[in-house]
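Residue numbers (the numbering used here), protein chains in the order written: chain A, 2 to 267; chain S, 60 to 307.
Structure record follows, encoded as structure tokens.
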Amino acid sequence: MGDRPIIRVQHIVKSFGTIMAVNDVSFDVRPGEIFAFLGPNGAGKTTTIKMLTTLLHPTSGSLELDGLDVTTHRTDVRKRFGVVFQDPSLDGDLTAWENMDIHGVLYHVARRARRERCEILLRMFELWERRDDLVKTFSGGMKRRLEIARGLLHTPKVLFLDEPTLGLDPQSRNQMWTHVRSLRGSEGVTVFLTTHYMDEADRVADRIAVIDHGRIVATGSSAELKQQTGTDSLEAAFLALTGTTIRDESATAADQMRQVARVWRR
Amino acid sequence: MNVVFVLWLREVKKYLRSRVQIVASLGGPLMYLGVLGFGLGPVFQRAGEGSYLQFMAPGVIGMAVLFTAMFSGIAMLWDRQFGFLKETLVAPVPRLAIMIGRTLGGATVAVLQGTLIFVVTLIAGFRPVSVLTVPLAFLLIALIAVVFAALATAIGSTIKEMQGFQMVMNFLVMPIFFLSAAIYPLEGLPRVLAALTRVDPLTYGVDGMRGLLTGRAHFGVAFDVAVLVAVGVLFVAAGAWRFSKIEA
């Protein structure tokens, strides 16, 4: 893994009016690794993902994906990543297959390859039997799996997962992570994920960047973070680094609404 | 091109699948046709204007097209809050292709809905003066659909909140309907109302259809078509511009 980083972020700043959502953040992600952004709600995780996925322009600083400048080579960058947003982005009135197929067309995947990839991925994520059902009839976990499958359809180099397990029950969460970990072997894709669940970051990520109040406070493997802080759990390490714990109570009203909406849509 | 097609197809498929919605959306136009058409018929007749049903049928068709086109564009707010829009915004395709696909899809759905209402007016007793002009009337239906689907795209790209939807319906769609020539003749109006009807694009759509289907146009069909084409170009450009500005 000694090659150049697949994602290189240098001194990015994003401010909304007077609020500094992301404040001088720099990090590298190596090809093929699972990299986790760990931080409480409102720490700047989603804002960072939106900048990396070309949806937001940074106020200053530079972002590179696979050696390409994200702000100037938008279209080329977009071909190279898949993304699963915090809020679902499937069309519930279409079938699983149709959602996949539209994605394939949007990413210029040739018809034959599209069919093959759709089948491989729907089977991999255990959705093949339900391919002709409308997505609105799916459970929360199934929708998430479908979104990940869709994000991989065009064989991206990087897969962004923004809080992929938010609102899922423990079983679905477990299953989700099993799938994500197996991706490295089957798809060779680099995974960039955000979470505020420490146990999840601990279990799946090769490296973790701890972010709080728009700044990265530490980067390293789970073991390194523990060693660095002289603690024996990631939670204690996080506490030592930020002086706060991650709690769901710190969720904003919007986050809570989101979770409620998700539960209702199952 | 594939991108435009697949997004167009998405809108049409969704329309054809929502049977309940299709039936429900017949309600408004049917009420106008039934209550106004038959209720005001005697008065209209006594005023020496002939059959009111004959007069207002093109207006009701225009109404159905207006409502459906605006609705489909505003559905973007829904897409934006609960999903699918972002999926298209991060795709490596030009925003223009996405906007065109969505707008044409919405317009097609509006034409289908207009056709349905057309059939309903025929059942209610509406009789076009000539079969030959009916295909031309569909050109006007298509123009109305594109004009308002594009307008809705521009609005849907600009406002973010779902509450905005109600605002648009109350302060835009209803006035557009009432200020068009859909339910009353353009002749002899008070000056203010006359001026307002003339800035309403739907006026020209309804007038053109009325000219083709009943032989009674106020402005003349060619003029109506010219206005609609011009407004259509303007609104599509506005829609494309607003759509390109969406930030997630």
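Glycine residues also receive a C-beta, built at the ideal position from the N, C-alpha and C atoms.
None of the values given here were measured: they were computed from a predicted structure.
- S/Thr174 carries a helical assignment under DSSP once its states are collapsed to helix, strand and coil.
- Inside the stretch 56-123 of chain A, DSSP marks whole beta strand (DSSP E) runs of 3 or more residues at positions 61-66, 82-85, from first to last along the chain.
- When 8 Å is used as the limit between beta carbons, A/Phe86 is near these residues of chain S: Lys145, in chain order.
- Boundaries of the alpha helix (DSSP H) harbouring S/Ser216: 193-217, taken from the DSSP string.
- Around the beta carbon of A/Ile20, a 10 Å sphere encloses fewer than 16 other beta carbons of the protein chains shown; the residue is thus reported as exposed.
- Between A/Cys119 and A/Met143, the C-beta gap is not smaller than 8 Å, which leaves the two residues out of contact.
- Among the residues facing chain S, A/Arg5 is not included, as its CB has no counterpart in that chain under 8 Å away.
- Taking a C-beta cut-off of 7 Å against chain S, the contacting residues of the stretch 51-77 of chain A are Lys51, Thr54, Thr55, Leu56, Leu57, Thr76, listed in chain order.
- For S/Val152, at least one C-beta of chain A is nearer than 8 Å to its own C-beta.
- Membership of S/Gly121 in the alpha helix (DSSP H) is indicated by the continuous run 111-140.
- S/Leu92 places its beta carbon less than 8 Å from that of S/Thr180.
- If the five residues before and after A/Thr54 are omitted, its C-beta is found closer than 7 Å to the C-beta atoms of Phe82, Val84, Phe161, all from its own chain and listed in chain order.
- S/Ser239 sits buried, since 16 or more C-beta atoms from the chains shown fall within 10 Å of its C-beta.
- For A/His180, the enclosing alpha helix (DSSP H) covers residues 171-188.
- A/Tyr108 places its beta carbon less than 8 Å from that of A/Leu154.
- The Cβ atoms of S/Leu272 and S/Val178 lie no closer than 8 Å to each other.
- Contact fails between the stretch 181-200 of chain S and the stretch 223-241 of chain S, because fewer than three Cβ pairs, one in each stretch, are under 8 Å apart.
- If you draw a straight line from the Cα of S/Met226 to the Cα of S/Leu171, it comes to about 26 Å.
- Using a CB distance below 9 Å, the part of the stretch 63-76 of chain S facing chain A consists of Phe64, Val65, Leu66, Leu68, Arg69, Lys72, Lys73, Arg76, ordered along the chain.
- Proximity of chain S to A/Asp134 at the Cβ level (cut-off 8 Å) is not reached, the minimal Cβ distance being about 13 Å.
- With its beta carbon less than 8 Å from one in chain S, A/Val106 belongs to the interface.
- If the five residues before and after S/Ala299 are omitted, its C-beta is found closer than 7 Å to the C-beta atoms of Leu155, Met158, all from its own chain and listed in chain order.
- Rounded to the nearest whole angstrom, the CA to CA distance from S/Val102 to S/Ala196 is 28 Å.
- Exclusion of the five residues before and after A/Ser16 leaves Thr60 as the residues of its chain whose Cβ lies within less than 6 Å of its Cβ.
- Only residues of its own chain outside the window of five on either side were considered, and among them Met199, Asp203, Ser223 have a CB closer than 6 Å to the CB of A/Leu235, listed in chain order.
- Pairing A/Asp88 with S/Arg105, the inter-Cα distance amounts to about 60 Å.
- By the beta-carbon neighbour count (other beta carbons within 10 angstroms, threshold 16), A/Lys137 is exposed.
- At least one CB of chain A lies nearer than 8 Å to the CB of S/Leu148.
- Taking a Cβ-Cβ threshold of 8 Å, the residues of chain S close to A/Pro89 are Phe141, Gly142, in chain order.
- Taking every protein chain shown into account, the CB of S/Val62 has 16 or more other CB atoms within 10 angstroms, so this residue is buried.
- The straight-line gap separating the alpha-carbon atoms of A/His180 and S/Phe207 is approximately 45 Å.
- Put simply, the CB of A/Leu95 is near chain S, with a gap under 8 Å to one of its CB atoms.
- A/Ile20 does not reach chain S, its nearest Cβ partner there being about 16 Å away, counting only Cβ pairs nearer than 8 Å.
- In chain order, Val65, Arg69 make up the part of chain S whose C-beta sits under 7 Å from the C-beta of A/Ile103.
- Interface annotation, A/Lys227: not in contact with chain S, CB-CB separation never under 8 Å.
- Contact with chain A is found for S/Asn61, since one of that chain's Cβ atoms lies less than 8 Å from the residue's Cβ.
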